[in-house]
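Residue numbers (UniProt numbering), protein chains in the order written: chain A, 1 to 197; chain B, 1 to 197; chain C, 1 to 197; chain D, 1 to 197. One structure is given below, encoded as structure tokens.
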DNA sequence: TATGAATGAGACTTCATTCAT
DNA sequence: TATGAATGAAGTCTCATTCAT
């Protein structure tokens with residue numbers, strides 16, 4: 001990927017995250033990226049296209065691990081004897097990812113509700129790639145009696161709510177004296193584990 | 001409040017929720033409200049002002065109960081012997097409110113990150129009106145041994161994450177066969193209760 | 001029709017005729033019309049729309065007479081004993097119209113080849129409204145032996161070519177010493193009459 | 001002439017004819033010609049220059065014959081006893097040329113009204129090279145009594161109108177069942193001949 | 001010689017806001 | 001009080017042209 005293209009993407013990510021997609025002008029992006037406004041449109045057909053080019057890779061990388069072997073080994077390998085080990089691996093991995101991609105994650109959360117086409121894609125990715133694998137693993141823990149007998153979607157909802165809450169808190173409170181990330185992560189894992197026991 | 005003013009607010013709420021604040025034109029609002037575009041600016045100095053007029057009352061109503069006696073009686077009265085009873089009252093009350101104000105809640109969630117002045121106000125409201133009361137109640141449950149020894153902010157974060165997740169699921173999945181609200185509410189309460197035990 | 005709307009139309013007609021549709025900027029039109037650029041778009045949704053609003057009425061007025069009674073009386077009434085009388089009425093009437101609408105006629109001739117939708121409409125108008133009536137009249141002159149036995153489309157092509165040539169010459173050479181309109185019109189009528197005898 | 005230059009010219013002719021000069025982008029031409037956009041500007045200083053390079057040779061070739069010996073022999077040689085023979089030679093020759101250069105002829109007709117410099121050149125060519133020769137020939141037919149006593153410009157206007165009408169019809173209706181070229185050419189010659197008798 | 005990335009002027013269009021009625 | 005025509009700033013995007021490679 002071209003150097004200017006990268007600079008444009010970086011500038012766009014930063015400003016989109018700060019002011020939102022619609023409130024960001026291409027002129028502003030160009031200035032921050034140190035390119036001419038026209039240059040943006042050489043690399044991205046439209047402004048919307050630029051947004052997609054930002055969101056899609058991160059979306060894919062968010063979901064993708066669930067279908068890859070290495071991650072499977074890291075997170076979903078059934079050798080994990082306990083639900084707690086699984087939660088540990090899952091949360092730490094996703095937390096790290098979210099913090100590395102803080103700005104893009106913010107953009108995704110904020111713009112997704114207005115981007116119907118991307119919503120569709122996200123749903124598809126989730127249903128086809130992520131859900132089946134996660135469901136299998138969770139079911140195995142239910143079978144082993146480590147999680148209470150609940151519908152998988154309910155279990156998933158509760159886990160996701162809590163983890164997303166953790167991620168957002170971590171992003172918002174990062175670098176404040178109120179936030180001890182390791183400790184809060186431990187507590188969150190404990191909370192979920194007990195909540196589902 | 002004038003009839004036209006109400007019609008403008010209603011129209012704005014509906015469109016803001018659907019398309020977002022920036023992507024909604026005052027012309028569109030005027031048409032839906034059946035008033036002239038100029039009329040909007042008679043009641044609301046600017047478009048941003050209209051947004052504030054929508055968000056603020058709901059924000060206040062979201063927080064206000066925590067300082068009012070009747071709600072205090074309903075939710076925070078220390079006569080609640082158990083944490084479960086408290087959670088029950090809290091969640092059901094907030095769920096009902098969120099669903100009654102679905103559109104405005106959506107607007108608040110989506111626009112708040114970009115409205116620094118309102119963020120400030122929200123923080124103030126939270127810190128001054130809501131947090132002290134909630135903290136007291138939660139502390140009382142900790143003292144009684146119904147909740148684990150954890151910092152109040154952590155407890156609050158975990159509860160709020162889970163409840164917000166419930167509210168969003170309820171709004172998104174409302175009227176689909178996948179969603180049995182009463183059941184999911186019960187399960188969520190159970191989850192929090194056990195998670196914090 | 002509003003005064004500003006008229007001023008915009010007049011300005012657009014003048015500049016379109018001079019520089020062509022694509023080479024005319026809305027900014028230029030606005031300046032000539034003494035309105036703000038945005039005002040143009042209150043009255044005409046797009047620039048293309050403005051073009052249509054210019055072309056269509058003239059197109060209709062060009063064709064319309066052929067279906068109206070008063071003009072029929074003037075041009076097509078079968079009381080015209082001779083083909084020459086008919087030609088006289090036709091040519092003088094159309095010449096006058098073309099000169100009154102010089103600029104718009106120029107625009108139509110120049111832009112029509114690139115406006116597929118209008119071409120379609122023109123074809124329809126011609127086939128449904130104009131051709132049938134003209135064909136009837138021409139046939140009657142053939143039957144009376146005043147015109148040679150030729151296919152109607154051929155007759156029409158020859159007449160139209162010659163008349164359009166006259167109109168263009170008249171527009172181009174107007175106000176030059178080389179042009180004596182009355183004389184040239186007479187000669188053209190004579191030319192057609194003899195050519196088809 | 002370089003191979004790339006030719007490919008550029010060919011591509012430009014095709015697209016100019018289809019979409020018009022202003023609506024054609026150099027990028028589009030480059031793609032169709034299979035060259036880089038910059039290459040266009042190596043051979044033609046500006047886009048306008050490219051247009052001129054297309055129009056000029058055809059314009060010259062349109063006029064040139066009138067000053068060349070071989071054509072003079074073919075068309076203007078005074079050995080032609082009759083006006084009809086002359087018309088025959090003229091029309092068939094010009095029809096063939098127009099059809100061979102259909103696209104460029106279309107471009108000339110459409111762009112000439114907006115290109116003042118080329119208009120000037122065309123006028124000059126016409127006045128200096130074409131008119132004198134044609135006038136001489138036409139005068140000879142008038143003298144022989146084969147054409148009515150009319151001013152030469154008028155005669156020329158009537159002939160040109162009719163022939164241009166024939167050429168356009170031929171281009172537009174080419175390959176439709178409505179068009180029998182040979183027949184229509186004969187009828188047109190007959191029309192002019194009788195019209196001027 | 002040929003390329004094509006980069007430019008920035010300028011195109012069309014939208015929209016919050018004003019103000020005469 | 002209510003209107004809606006008018007504004008013009010600002011937005012997205014296109015394109016002929018340049019220039020380093």
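No residue lacks a Cβ here, since even glycine has one placed at the ideal position from N, Cα and C. Quick caveat: nothing in here was measured; it's all calculated off a predicted structure.
Under 9 Å from the C-beta of residue i: neighbouring residues of chain D
i                      : result
residue 153 of chain C : 178
Amino acids of chain B, ordered along the chain, whose beta-carbon sits closer than 7 Å to that of residue i
i                      : result
residue 194 of chain A : 194, 195 and 197
residue 41 of chain A  : Those do not exist, as residue 41 of chain A stays about 21 Å from chain B at its closest Cβ, beyond 7 Å.
Anticipated Cβ contact below 8 Å, residue i with residue j, distance rounded
i                      : j                      : result
residue 86 of chain A  : residue 158 of chain B : No, residue 86 of chain A and residue 158 of chain B are not in contact; Cβ-Cβ is about 19 Å, not under 8 Å.
residue 187 of chain A : residue 162 of chain B : 14 Å between Cβ atoms; not a contact.
residue 12 of chain D  : residue 50 of chain D  : 6 Å
residue 89 of chain D  : residue 14 of chain D  : About 31 Å; that fails the 8 Å criterion.
residue 185 of chain A : residue 146 of chain A : So it is not a contact: roughly 20 Å between Cβ atoms.
residue 108 of chain D : residue 55 of chain D  : 6 Å
residue 39 of chain A  : residue 4 of chain A   : 6 Å
residue 135 of chain A : residue 160 of chain A : In fact, because the Cβ distance is near 13 Å, the residues do not count as touching under 8 Å.
residue 197 of chain B : residue 148 of chain B : 6 Å
residue 63 of chain A  : residue 118 of chain A : With a Cβ gap of about 13 Å, residue 63 of chain A and residue 118 of chain A do not count as contacting.
residue 114 of chain C : residue 19 of chain D  : 7 Å
residue 53 of chain D  : residue 44 of chain D  : 6 Å
residue 6 of chain C   : residue 29 of chain C  : Going by Cβ atoms, the distance from residue 6 of chain C to residue 29 of chain C rounds to 13 Å, so no, they are not a contact pair.
residue 112 of chain A : residue 170 of chain A : Between residue 170 of chain A and residue 112 of chain A the Cβ distance is about 20 Å, and since that is not below 8 Å, they are no contact.
residue 167 of chain B : residue 98 of chain B  : 5 Å
residue 22 of chain B  : residue 23 of chain A  : 5 Å
residue 195 of chain C : residue 165 of chain D : Actually they do not touch by this definition, with Cβ atoms about 12 Å apart.
residue 110 of chain D : residue 110 of chain C : 7 Å
Within chain A, the residues that residue i reaches when beta carbons sit closer than 7 Å
i                      : result
residue 184 of chain B : 154
residue 169 of chain B : 157
Heavy atom of the ligand MN within 8 Å of residue i beta-carbon
i                     : result
residue 29 of chain A : Summarising the ligand content, the structure contains no ligands, and the ligand MN is consequently not present.
Proximal chain B residues relative to residue i, where beta-carbon distance stays under 9 Å
i                     : result
residue 83 of chain A : The premise fails here: residue 83 of chain A is roughly 13 Å from chain B at the closest Cβ pair, so nothing lies under 9 Å.
Within chain C, the residues that residue i reaches when beta carbons sit closer than 7 Å
i                      : result
residue 187 of chain D : 150 and 154
Proximal chain B residues relative to residue i, where beta-carbon distance stays under 8 Å
i                      : result
residue 191 of chain A : 158, 195 and 196
- Item | chain A contacts made by the region 137 to 164 of chain B, where a contact means CB separation under 8 Å | So the list reads 150, 153, 154, 157, 158, 160, 161, 162 and 164, given in the order they occur along the chain.
- Message: As an exercise, report each continuous alpha helix (DSSP H) stretch of at least 4 residues that is fully enclosed by the UniProt domain "HTH tetR-type" (2 to 62) of chain A, in chain order.
- Response: Runs of the alpha helix (DSSP H) inside the UniProt domain "HTH tetR-type" (2 to 62) of chain A: 3 to 19, 26 to 33 and 37 to 43.
- Query: What residues from the region 11 to 28 of chain B come within 8 Å of chain A, judged by C-beta to C-beta, listed N to C?
  - Reply: Taking a C-beta cut-off of 8 Å against chain A, the contacting residues of the region 11 to 28 of chain B are 19, 20, 22 and 23, listed in chain order.
- Output, in sequence order along the chain, the residues in the region 99 to 127 of chain A whose CB is closer than 7 Å to any CB in chain B. For the region 99 to 127 of chain A, which is checked against every Cβ of chain B, the residues closer than 7 Å are 110, 113 and 114.
- Task: Scan the region 80 to 126 of chain D and note each continuous alpha helix (DSSP H) run of 4 residues or more that stays entirely inside, going in chain order.
- Result: DSSP assignment within the region 80 to 126 of chain D yields the following whole alpha helix (DSSP H) runs of 4 residues or more, N-terminal first: 83 to 100, 102 to 111 and 116 to 125.
- Task: Output the residue ranges of the alpha helix (DSSP H) runs that lie fully inside the region 147 to 187 of chain C and measure 4 residues or longer, sorted by chain position.
- Result: Those alpha helix (DSSP H) runs which fall completely within the region 147 to 187 of chain C and span 4+ residues are 152 to 173.
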